[in-house]
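Following the UniProt record's numbering, the numbering of the sequence shown begins with 1 at its first residue and continues without gaps. The C-beta atom is built at its ideal place from N, Cα and C for all residues, glycine as well. Bear in mind the structure is a predicted one, so any value in this text is a computation, not a measurement.
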Amino acid sequence: MNEDRYNKVDGLMGAFQQFSRLNWQKTTMFGLKPSEIRVLITIRMGKKRTGKDTLTVSEVSKLLRVTSPTITQMVNSLLSQGLAVRTSDSQDRRISAIQLTEQGEQLADQAIAKIRDTFKGMIDHLGEDKSAQLIELLDEVHAYFEQLNGQADFS
1 MNEDRYNKVD GLMGAFQQFS RLNWQKTTMF GLKPSEIRVL ITIRMGKKRT
51 GKDTLTVSEV SKLLRVTSPT ITQMVNSLLS QGLAVRTSDS QDRRISAIQL
101 TEQGEQLADQ AIAKIRDTFK GMIDHLGEDK SAQLIELLDE VHAYFEQLNG
151 QADFS
């Protein structure tokens, strides 16, 4: 009788596998890699949240939970495409920060709008009640996996 509570294991595994096969997070946007879009959005949202025009590579790294060398590669790509510029701290020249150019801010805003539209469509598809339930369930799933990985986020 106790094993009956696990009769949904295969269905749950299949549901998660469907998402990995969709590659919905891996589509390019505006000719940029998804990782570059995430960095653009992170810098843009950081500006809106903190009021600062810049974020350091380590700040972006912490926000995205990715190593600094990985972020540096993405930032270098954004710099070479004219979407960001590197600035030096006026008090400590060893600290450099990243600031989006006007074009970078526009692309970040367009990407945010496109992503929001995708999720608005999901809300339209599911309805408000199921969307709220999905948010609650996904938050619980996230907490479960963070606990499982020993990486609980208490911020």
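Return helix, strand or coil for residue 141, following the three-state DSSP convention.
helix
Can residue 71 and residue 85 be called in contact, C-beta distance under 8 angstroms?
no
Quick one: using the 10 Å Cβ neighbour count with 16 as the cut-off for buried, is residue 127 buried or exposed?
exposed
If you count every other CB in all the chains shown that lies within 10 Å of the CB of residue 98, and 16 or more means buried, which is it?
buried
Nearest-angstrom Cα distance between residue 36 and residue 4?
45 angstroms
By alpha-carbon positions, which one of 88, 38 and 143 ends up nearest to residue 114?
38
May I ask which residues mark the beginning and end of the alpha helix (DSSP H) holding residue 110?
102 to 126
Between the alpha carbons of residue 73 and residue 12, how many angstroms are there, rounded?
36 angstroms
Run of the alpha helix (DSSP H) containing residue 39, from where it starts to where it stops
34 to 50
Nearest-angstrom beta carbon gap, residue 43 and residue 66 [assumed within contact, 8 angstroms]
About 14 angstroms; that fails the 8 angstroms criterion.
State the DSSP-derived secondary structure class of residue 55, mapped to helix, strand or coil.
strand
What number of angstroms, rounded off, separates the C-alpha of residue 1 from the C-alpha of residue 7?
Unreliable positioning characterises residue 1 in this predicted model, as indicated by a pLDDT of 49, which lies under 50. A coordinate reading is not provided.
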